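K.L.:
Let me give you the structure first, and then I'll get to my questions.
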Amino acid sequence: MIKAILVDIEGTTSPIFFVKEVMFPYSKERMDEFIKQNKSNPKVRQIIEEVKQIENNPNLTDEDVAQILKQWIDEDKKIAPLKEIQGLIWKEGFETGKLKAPIYEDAYNRLKEWKEKVPIYIYSSGSVEAQKLFFSHTDKGNILDWFSGYFDTRIGSKKEKESYEKIAKEIGLSPSEILFLSDNPDEIKAAAEAGMNVVRIVRPNDAEYIKDFPYRQVSSFNEIELNGDLS
Ligand SMILES: [Mg+2]
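Set out below in structure tokens:
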């Protein structure tokens, strides 16, 4: 009996292209203007100071810093001040309606139906703050309150069994009462090792079926019956 659902976002509820091809380019395009318009915001000032420290150059102008931040985006640097300023730019983008998070139709319909039956939780490598921003500004409206809780990698890596054990504990259920949905085969394996029910979502644009994969794979949420056979 499934008593809760845990879902991944990228490649599962939403297409992967959005983060790579929409959100990252947006943060790059907006960088110069955003810094100019928010240069007296203490958070932005702090980010600018951090960049100067990292570059070991106190004489950098705001324009220089914007240039460096854009270069870090191109280099795909996972660096704190970049993540922070991108968070601010995306927040503004979602709030002004310039960014809208796409949700696959089947995921939207099924989650809408399932939330009336069991609590649904999110587990994504994007921060909990980013997850909330995402679901409150989707292309189908604000669906933030569909979810009973949000987990990010602060609880542990998505590829480690222990993370799923910890999540089950936090939810207050046995892993065998939870259904986990993700496109990533390593995440599916880790959750299954923790004892969760698992189904791998294989979106034609985002992933491929794996031959002889030991767990069930489907191309849409429509193929999943909550209390049917999940194996
Ligand atoms: Mg994913």
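FYI, the numbering for the sequence shown is 180 to 410, going by the working numbering.
Backbone N, C-alpha and C fix where the C-beta goes; we use that ideal spot for every residue, glycine too.
It should be emphasised that the depicted structure is a prediction, and the values quoted were computed from it without experimental measurement.
(1) Kindly indicate which three-state DSSP category F326 falls into: helix, strand or coil?
(2) May I ask you to check if the CB of D391 is nearer than 7 Å to at least one heavy atom of ligand 1?
(3) For T275, count the other beta carbons within 10 Å of its own beta carbon; 16 or more makes it buried, fewer makes it exposed. Which is it?
(4) Among residues of its own chain, excluding the 5 on either side of A281, which ones have a beta-carbon nearer than 8 Å to its beta-carbon?
(5) Helix, strand or coil, according to DSSP, for K407 in the structure here?
(6) How is the beta strand (DSSP E) around A280 delimited, first residue to last?
(7) With DSSP as the reference, please indicate the residues paired to V377 in a beta bridge.
(8) Kindly indicate which three-state DSSP category S342 falls into: helix, strand or coil?
(9) Near Q310, which residues of its chain fall below 8 Å by C-beta distance, leaving aside the five closest residues on each side in sequence?
(10) What are the residues that DSSP puts in a beta bridge with T332?
(11) In this structure, what does DSSP give as the bridge partners for S193?
(12) Output yes or no for whether 8 Å exceeds the beta carbon distance between L360 and V378.
(13) Does N384 pass the burial test, meaning 16 or more other C-beta atoms within 10 Å, or should it be called exposed?
(14) To the nearest angstrom, report how far apart K262 and S206 are at their CA atoms.
(15) Between the Cα of P354 and the Cα atoms of K340, Q246, D365, G374, which residue gives the shortest distance?
(16) Can you tell me whether F392 is buried or exposed, with buried defined as 16 or more other CB within 10 angstroms of its CB?
(17) Can the beta-carbon of E372 be found closer than 8 Å to that of K338?
(18) Closer than 8 Å is the cut-off here; do at least three beta carbon pairs connect the region 283 to 290 with the region 216 to 231?
(19) With distance defined between alpha-carbon atoms, name the residue in I357, K390, Y388 nearest to K296.
(20) Is S315 near ligand 1, judged by its Cβ being under 7 Å from some heavy atom?
(21) What three-state label does DSSP hand G320 in the structure shown?
(22) Let me confirm a value: P237 is counted as buried when at least 16 other C-beta atoms fall within 10 Å, else exposed. Which label applies?
(23) Quick one: what's I367 bridged to in DSSP?
(24) Can you determine whether any heavy atom of ligand 1 sits closer than 7 Å to the C-beta of S361, and answer yes or no?
(25) Using C-beta distances below 7 Å, list every residue in its chain close to I322, excluding the 5 sequence neighbours before and after it, in chain order.
P.N.:
On the basis of the data shown:
(1) The residue labelled residue 326 in the question sits at position 147 within the sequence shown. DSSP places F326 in the coil class of the three-state scheme, outside both helix and strand.
(2) On the sequence shown, residue 391 is found 212 positions in, with the first residue counted as 1. Answer for D391: no, Cβ out of range of ligand 1.
(3) Residue 275 sits at position 96 when you count from the first residue of the sequence shown. Counting Cβ neighbours within 10 Å, T275 comes out exposed, since fewer than 16 surround it.
(4) Counted from its first residue, the sequence shown places residue 281 at position 102. In the sequence under discussion, the amino acid at residue 281 is Pro, which differs from the Ala named in the question. Contacts found: S193, P194, F197, T317, D318.
(5) Residue mapping note: residue 407 aligns to position 228 of the sequence shown, counting from 1. Going by the sequence as given, residue 407 is Gly instead of Lys. In the structure shown, G407 sits in coil (DSSP, three-state: anything other than H, G, I, E or B).
(6) Here residue 280 refers to the residue found at position 101 when the sequence shown is read from its first residue. Note, A280: premise wrong, no beta strand (DSSP E); not H, not E.
(7) The sequence position of residue 377 within the sequence shown is 198, counting from 1. Paired residue(s): F359.
(8) On the sequence shown, residue 342 is found 163 positions in, with the first residue counted as 1. Here S342 sits in helix by DSSP.
(9) Working through the sequence shown from its first residue, we reach residue 310 at position 131. Cβ within range, chain order: I188, I301, S303, Y329, D331.
(10) Indexing the sequence shown from 1 puts residue 332 at position 153. Answer by DSSP bridge pairing: none, since T332 is not bridged.
(11) As a position in the sequence shown, residue 193 is number 14, starting the count at 1. According to DSSP, S193 bridges with E189.
(12) Looking up residue 360 in the sequence shown gives position 181. Looking up residue 378 in the sequence shown gives position 199. A contact, by the Cβ cut-off of 8 Å.
(13) Position 205 of the sequence shown, counting from 1, holds the residue named residue 384. N384 comes out exposed.
(14) As a position in the sequence shown, residue 262 is number 83, starting the count at 1. As a position in the sequence shown, residue 206 is number 27, starting the count at 1. Spanning the two alpha carbons is a distance of roughly 10 Å.
(15) Start at 1 with the first residue of the sequence shown, and residue 354 comes out as number 175. Among K340, Q246, D365, G374, the Cα nearest to that of P354 is on G374.
(16) Taking the sequence shown and counting its residues from 1, one reaches residue 392 at position 213. Per the 10 Å Cβ criterion, exposed.
(17) Start at 1 with the first residue of the sequence shown, and residue 372 comes out as number 193. Start at 1 with the first residue of the sequence shown, and residue 338 comes out as number 159. No, Cβ-Cβ distance for E372 and K338 is not below 8 Å.
(18) no
(19) Locating residue 296 in the sequence shown gives position 117, counting from the first residue. Per the Cα distances, I357.
(20) By one-based count along the sequence shown, residue 315 stands at place 136. Outside the cutoff, so no.
(21) Here residue 320 refers to the residue found at position 141 when the sequence shown is read from its first residue. Reduced to three states, the DSSP call for G320 is strand.
(22) Indexing the sequence shown from 1 puts residue 237 at position 58. By the 10 Å Cβ count, P237 comes out exposed.
(23) Locating residue 367 in the sequence shown gives position 188, counting from the first residue. The partner list for I367 (beta bridge, DSSP) is empty, contrary to what the question assumes.
(24) Here residue 361 is taken as the residue at index 182 of the sequence shown, counted from 1. Within the cutoff, so yes.
(25) To locate residue 322, count along the sequence shown from 1; it is residue 143. Result list for I322: F314, in chain order.
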